[in-house]
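Chemist:
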Amino acid sequence: MFENILLEIEGPIATLTINRPEKRNAVNNATVEEIDKALDQVEANPDLRVLILTGAGEKAFVAGADIKELDKRDTLLGRSETRRRQEVYTRIEQLEIPSIAAINGWALGTGLELTLVCTLRVASAKARMGQPEVKLGIIPGAGGTYRLPRLIGMGRAMEMILTGEPVNADEALAMGLVNRVVPPEKLMEEVRVLAETIAARPKLAIQYAKEAVLRCVEGSLIEGLAHESYLHALSCGTEDKKEGVASFLEKREPKFTGR
Numbered sequence: 002m003f004e005n006i007l008l009e010i011e012g013p014i015a016t017l018t019i020n021r022p023e024k025r026n027a028v029n030n031a032t033v034e035e036i037d038k039a040l041d042q043v044e045a046n047p048d049l050r051v052l053i054l055t056g057a058g059e060k061a062f063v064a065g066a067d068i069k070e071l072d073k074r075d076t077l078l079g080r081s082e083t084r085r086r087q088e089v090y091t092r093i094e095q096l097e098i099p100s101i102a103a104i105n106g107w108a109l110g111t112g113l114e115l116t117l118v119c120t121l122r123v124a125s126a127k128a129r130m131g132q133p134e135v136k137l138g139i140i141p142g143a144g145g146t147y148r149l150p151r152l153i154g155m156g157r158a159m160e161m162i163l164t165g166e167p168v169n170a171d172e173a174l175a176m177g178l179v180n181r182v183v184p185p186e187k188l189m190e191e192v193r194v195l196a197e198t199i200a201a202r203p204k205l206a207i208q209y210a211k212e213a214v215l216r217c218v219e220g221s222l223i224e225g226l227a228h229e230s231y232l233h234a235l236s237c238g239t240e241d242k243k244e245g246v247a248s249f250l251e252k253r254e255p256k257f258t259g260r
C-alpha cells in the first residue's frame, strides 16, 4: 500500500516507520501524503492506544527534507508545501492517542519537526537533532519556530535555529528536547515498554489528559484551567474511573475497558 513508509499494528500499538533508508529517510511530498493516509487508518482503529514513529535503518530518524524537491521550491511551492506538512504533522499532535518518537539517528529540519508533534520523544544515544535550515538560506517550515521554543525555551530554540547546529542526545535530554536517552540497541525495546505502559492505562483518561495539556500550552491560564476542569468532570463519569477507584480500594489490578 505504501512506498515510503511502513505501518505495522500489533495489539494496541501502531508503528509508523519512515522507510527511505537510502535517502536517510528524507521526507518528500509523497511521504507526507502517505503519512496522512496512515493516520486515517490509525484514527479509524478503535483498538489502538499508542502510535510509535521511527525511521528505517540505523543512521537516521529523518535527516531532513528531500533536497531534490527543495531545490525546485519557489515562493509559491514554499508556501503550499510547508502548509501541507504543517497540516499533516498537526494531525499527529492532535490524535486522541499519544505518540512516541523513537529517534534512532539524525533528526534534522522537518525530521526534528516531526518529533516535536509527538507526545513523547525517546532518543538513541547516537541521535543528533537540529534545525539546520539557515545553512540553506531558509528557515524551518513545518512548525519548528512555533513548537521548539515552547518545548525547550526561547533562548535554546533561538540558538538551535539561528546557528543551524545540531545537539547530541545528552544535550537534547538536558534541555528537555527528549524524555529519555537509551543505548541504540535498546531503543525500540524501551519505546515498546513505554508504549505498553501507556496502553494499559484507561483510554479516555489518557485522551483527556493529553487534550488538557495541549490546551493549557496553547491558551491562557483561565482557559486552560476551565478546560481541564471540564475534562476532569468527563473522566469522572466513565466506567474506567469507577473501576480504577474500586480496584485501588480492593487492592487488586484494574480491568479497564476504555469506556
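Just so you know, we're using the numbering used here here: the sequence shown kicks off at 2 and counts up by one.
We put the beta carbon where it would ideally sit given N, CA and C, even for glycine.
None of the values given here were measured: they were computed from a predicted structure.
Only counting runs of 3 or more residues, tell me where the beta strand (DSSP E) segments fall wholly within the stretch 4 to 28, in order along the chain.
Modeler: Within the stretch 4 to 28, the complete beta strand (DSSP E) runs of at least 3 residues are 6 to 11, 14 to 19.
Chemist: Of the residues Ala201, Leu232, Phe249, Ile223, which one's Cα is nearest the Cα of glycine 259?
Modeler: Minimum Cα distance to glycine 259 is reached at Ala201.
Chemist: Any idea if aspartate 241 is buried or exposed, counting beta-carbon neighbours within 10 angstroms, 16 or more meaning buried?
Modeler: That one is buried.
Chemist: How far does the alpha helix (DSSP H) with serine 221 in it reach, from first residue to last?
Modeler: It is not in any alpha helix (DSSP H) - serine 221 carries neither H nor E in the DSSP assignment.
Chemist: In the DSSP output, which residue or residues are listed as bridge partners for alanine 108?
Modeler: Val63, Met130.
Chemist: Can you give the Cα-Cα distance for valine 1 and glutamate 251, rounded to whole angstroms?
Modeler: Missing from the structure shown is residue 1; the chain here goes from 2 to 260 and no further.
Chemist: Please classify leucine 52: does DSSP put it in a helix, a strand, or coil?
Modeler: Leucine 52: strand per DSSP, three-state reduction.
Chemist: Candidates Glu97, Gln87, Leu77: which alpha carbon is nearest leucine 52's?
Modeler: Answer by Cα proximity: Glu97.
Chemist: Buried or exposed, going by whether 16 or more other CB atoms sit within 10 Å of the CB of asparagine 26?
Modeler: Buried, by the Cβ-count rule.
Chemist: Determine, using beta carbons only, whether leucine 17 and leucine 49 come nearer to each other than 8 angstroms.
Modeler: No, these two residues do not count as a Cβ contact at 8 angstroms.
Chemist: Under the rule that 16 or more other beta-carbon atoms within 10 Å means buried, what is valine 68, buried or exposed?
Modeler: Reading off the sequence shown, one finds isoleucine at residue 68, where the question assumed valine. By the neighbour-count rule (16 or more Cβ atoms within 10 Å), isoleucine 68 is not buried but exposed.
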